[in-house]
Structure formats: C-alpha cells, structure tokens
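This note's numbering numbers the first residue of the sequence shown as 1261 and each following residue consecutively. Just so it is clear, CB atoms sit at the ideal spot from N, CA and C, and this is done for glycine as well.
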Amino acid sequence: MSAEKKNLDYDIVVIGCGIVGLAVGTELLRRRPGLRLLLLEQEAAIAAHQTSHNSGVIHSGVYYAPGSLKARLCVEGAGLIYKYCERKGIPYERCGKLIIARSEEEVPRLRELFRRAGENRVPDIRWLEADEIAEVEPGCVGAAAVHSPSTGIVDYGEISRNLAADLEAAGAEIRLSTKVARLRRDGDTTVVQLASGEQLTAGYAIACAGLWSDKLAASSGAPADPRIVPFRGAYLHLDLGDTDPREVVRGMVYPVPDPELPFLGVHITRHIDGSVSLGPTAMISLARDGYGTWAFRVSDLWSIATWPGSWRVLKGFWKTAFSELRFRMSRKAFVAACAEFMPGIERIPLKKHASAGVRAQAVGRDGVMADDFVISEVDGAAHVRNAPSPAATSSLAIARYVVDRLEPQMAAVAE
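(1) Taking P1326 as the reference, which of S1363, L1289, P1368 and E1379 has the closest Cα?
(2) So who's on the other strand from K1357, going by DSSP bridges?
(3) In this structure, how does DSSP classify S1262 when only helix, strand and coil are distinguished?
(4) If you reduce the DSSP assignment to three classes, tell me which class W1472 lands in.
(5) Once you ignore the five residues that flank G1627 on each side, which residues in its own chain have a CB closer than 6 angstroms to its CB?
(6) Whose CA, out of V1401, P1383, R1332 and R1376, lies closest to the CA of A1363?
(7) Which ranges would you report for the beta strand (DSSP E) in the segment 1266-1319 if only whole runs of at least 3 residues count?
(8) Ignore the nearest five residues each way along the sequence and tell me which others in N1422's own chain have a CB closer than 6 angstroms to its CB.
(9) Looking only at its chain, what residues have a beta carbon closer than 8 angstroms to the beta carbon of G1552, apart from the 5 residues adjacent to it on each side?
(10) Can you check whether the CB of A1405 is closer than 9 angstroms to the CB of I1273?
(11) Please report the Cβ distance between G1534 and P1505, rounded to the nearest whole angstrom; I am assuming they are in contact, meaning their Cβ atoms lie under 8 angstroms.
(12) Return the chain-ordered list of same chain residues with a C-beta closer than 6 angstroms to the C-beta of R1548, the five sequence neighbours on each side being excluded.
(13) Would you call T1438 buried or exposed, if buried means 16 or more other Cβ atoms sit within 10 Å of its Cβ?
(14) For E1287, which of A1657, G1640 and Q1669 has the nearest alpha-carbon?
(15) Under 8 angstroms Cβ to Cβ from L1585, same chain only, skipping five residues before and after it: list those, please.
(16) Relative to the C-alpha of G1720, which candidate in V1663, P1650, E1667 and T1450 has its C-alpha closest?
(17) To the nearest angstrom, report how far apart A1305 and S1655 are at their CA atoms.
(18) Using 10 angstroms around the beta-carbon of V1214, count the other beta-carbons present and answer buried if the total reaches 16, otherwise exposed.
(19) What is the DSSP secondary structure of E1458, counted as helix, strand or coil?
(20) Starting from L1498, follow its DSSP beta bridges and name the residues at the other end.
(21) Taking C-beta to C-beta, are R1203 and Q1453 nearer than 9 angstroms?
(22) Would you kindly check if the distance between the Cβ of G1399 and the Cβ of V1689 is under 9 angstroms?
(23) Could you give the residue range of the beta strand (DSSP E) that holds R1376?
(24) In this structure, how does DSSP classify E1397 when only helix, strand and coil are distinguished?
(25) With a Cβ-Cβ cutoff of 9 angstroms, do M1512 and L1358 count as a contact?
(26) Is the distance from the Cβ of V1284 to the Cβ of A1469 below 9 angstroms?
(27) In angstroms with no decimal places, state the Cα-to-Cα distance between V1663 and R1291.
(28) Classify A1565 as helix, strand or coil using the three-state DSSP reduction.
(29) With distances taken between CB atoms, is the gap from S1479 to R1435 smaller than 9 angstroms?
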C-alpha cells in the first residue's frame, strides 16, 4: 500500500546522517526507486561525529573474528568503498598497512592475526620477517610484521557528502537540525516523535544514531542493554613542513593490538590530505561529543556512572587505562609508543594542535564490550546499536545487510 493511501508522511524514515545512515538510505532507494524516504539528522551538518572524526582508513579485515559481521562486512565493504570512490572520482589511495610485532613475545599474537586475515579472505596479505620490514617501510623495525597492501586511506566526510547528494538527486529528503526523541508503533504505523514536538508517520524506521543509539533505542521501548560508553581518541600530528609525507611513512604502521580490547593501539597513519597522525588513544569520554580535552556533559557523565558495565570495564582494564592516561598527559610518552616500531619518529616535530574523535562503544551490563556490529529489531523499527570501527569501511555492506534482513518489512511498506 502506498504512503498516500495509508495517509503516511513517508514510507521509511532513517534516523542519523552519518555514513551508515546515508548508506542505508542509498541502498533502500537503489532497490526501490520512488520510495518516499526521509533522513533525519540532529546536527546542522551530515557526518558530524564518528564519520568525520576517524582516521580515514579503509580497513582490509585483518583483525576481526572469522565468521563475525565485522569480518564479513569489512572485506565486502572495502571493495564497495573503492568502487564508489572510482565511480565518483573521490580521491583515495591503497597505500597499505604494516602490523608490527615489537618483540618476540608479540609474534604469536601476530601469527593469530595473520591466520584470521587468511580465514577472512583479506586480499594479498603476507607475512614479513624482521629483515623484510624495511622493504615496505624503511623507517620501521620489529620482530616480524604482517603487510596488508589492500588497506587504504580516504576522506569519509567526502564520501558522505557524495552519498547525500546522490540521495537528494534520487528524491530523498534530508532534514538537518532535527532531533528524534523516540519512535513508537501505532497499529501498522511508526510514529517518529521529534524533540520539537512534531510527529511524523512512516511505515518503518531505521535508526543509525551512532553515539546516541542507545538513548533513542531505550526511549523507543528497546532494552537498555547494551549502553553506549563513549571513548575519546586523541591524535597528534607531525609538523612535516615541506617534507613529502611518503618520506616519513609510505602507508600506515600499527602495533599488535591487545586481543582483550576492541582498540588497535597508538599507530602512525598517512592521510589522504597529506598529513601524518599518531594515535588514537582510548579513554572513556565524559561527553558523547567530547572532542575537547576536558569536555564533559552532566547527562553523559551520569549515563556512564550509573551503568554497571562502565565500572566493570574500568575494573578489568585499569592498567590499560593508566597507560592511556600517560599518553593523555604526556606528548613525549605518546611519541615514544610509536618510536618502538619507528625510531626516527621522535626527531620529527609535532604540530601544536591535536585532534580527537569519540568512538560509540556498546558495553553490556556485565561489562563486556560488544566486539561485533549489533543490530536489533522492534515492531516497526530497527536500531543499529553498535557500529564503531570498521563501520565507515563497512558502511555500504552494512546497508546491504540491514536491508536484506528487513526485506519482508520493506516489501510490506512499499506495496
């Protein structure tokens, strides 16, 4: 039944105009041209948070547990991102990445990553012994390394702007500065209640609310578990002057990550704009949009403090938290962490200005950090509850997965 016949404002409403929400909207219209589609964004611009505050890496799928959504959708999504960039003329570069074992003690963990990469069908992955590392990155040292030549760099904000333009050209409506308070089901209609008091009606809604995904889900009747615990990641930037960044680092260099945490450690990244960053750190943020060093918001602090999972995370990883605090307080310690696998980095000056992003990490009441994408469904709506890195890389594949999963509901809406 059409939206007009049902007296609905829209067929489908997507909440959130980060790259995942924009990709979901794109996939909906690709399958059903003419669908009455609305995308809502609480900020005054699209891609205002995780999408435009990440490291701009097109991940290849090395790290993720075989069989997980992250593993499958990252590999698939990377290919789709490259194809989209080629079609739209968006600059990108397959500059490759090294994951370096800094000592013999880390080699077994690196071998496990190499095994995972093979099982995940990461393209062209290869093992490097210590004497082979300099062939890929002349400034790097280590006990061994894994080289992923298919890893790339891009500006996800630019991809998002192209997706938004494509959506509007295809007939979708995008409304900025429009916050959604909650969703509710009334018969066969999903009512989208805006914070302004306005109500919109649709056949279905898909929430891709990122840092606020748990709040919207809970206010709409979904379980409070998991809750978003925001983690602030700080980046330092090398002051290269007129030096070609490729003379410093050809691609990206990462340490072997802690297998107990969903973070990749402080690493060195060359970006598509020619800059080179060190980072990120990973500290619990006291504001969901806490890009400033000491930013906090009382409501976000209360959300963290009253969630049992937050305290269980801190109890289990206090040693890691102490190391991260050292990085936050000392640029020297920050750089020294990178110098363990690229000794010459300590001789390069840093820019005064640092930058930061905030990761929307879902944490269960039991203190377990969700290590995969989490998508839940309620009557008349779907909520993307956990989509941190590699969500930007995976975005076009996540969209296909979500729409595949909801195809029966989509078909009913579009009849």
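Straight from the coordinates:
(1) The candidate whose alpha carbon is nearest that of P1326 is E1379.
(2) Paired residue(s): S1408 and M1512.
(3) Summary for S1262: the model assigns pLDDT 48, below 50, so the residue's position carries little reliability; its value from the coordinates is reported in the next sentence. The answer is coil: DSSP assigns S1262 none of H, G, I, E or B.
(4) W1472 falls in the helix class under three-state DSSP.
(5) Closer than 6 angstroms at Cβ, skipping near neighbours: G1569, R1572 and V1573.
(6) Note that residue 1363 is Ser in the sequence shown here, rather than Ala. It is V1401 whose Cα lies nearest to the Cα of S1363.
(7) Within the segment 1266-1319, the complete beta strand (DSSP E) runs of at least 3 residues are 1270-1275 and 1297-1300.
(8) Contacts found: K1348.
(9) Cβ neighbours of G1552 beyond the five flanking positions: A1616.
(10) At residue 1273 the sequence reads Val, which differs from the Ile that was named. Going by C-beta atoms, V1273 is not nearer than 9 angstroms to A1405.
(11) So it is a contact: roughly 5 angstroms between Cβ atoms.
(12) So the qualifying residues of the chain are L1471, P1490 and D1560.
(13) Buried: at least 16 other Cβ atoms inside 10 Å.
(14) When each option's Cα is compared against that of E1287, the closest is A1657.
(15) M1543, listed in sequence order.
(16) Within the shown structure, residues of the chain are numbered from 1261 to 1675, placing residue 1720 beyond reach of any answer.
(17) Going by C-alpha positions, A1305 is about 19 angstroms away from S1655.
(18) Residue 1214 is absent from the structure shown; the chain starts at 1261 and stops at 1675.
(19) Secondary structure at E1458: coil, using DSSP grouped into helix, strand and coil.
(20) L1498 is bridged to L1610.
(21) Summary: the structure shown does not reach residue 1203, with the chain confined to residues 1261 through 1675, and so no result is reported for it.
(22) Missing from the structure shown is residue 1689; the chain here goes from 1261 to 1675 and no further.
(23) Not the beta strand (DSSP E): R1376 falls in the alpha helix (DSSP H), residues V1367 to E1379.
(24) Coil.
(25) Yes, these two residues count as a Cβ contact at 9 angstroms.
(26) Not a contact, by the Cβ cut-off of 9 angstroms.
(27) Spanning the two alpha carbons is a distance of roughly 9 angstroms.
(28) Note: A1565 maps to helix in three-state DSSP.
(29) Not closer than 9 angstroms, so no.
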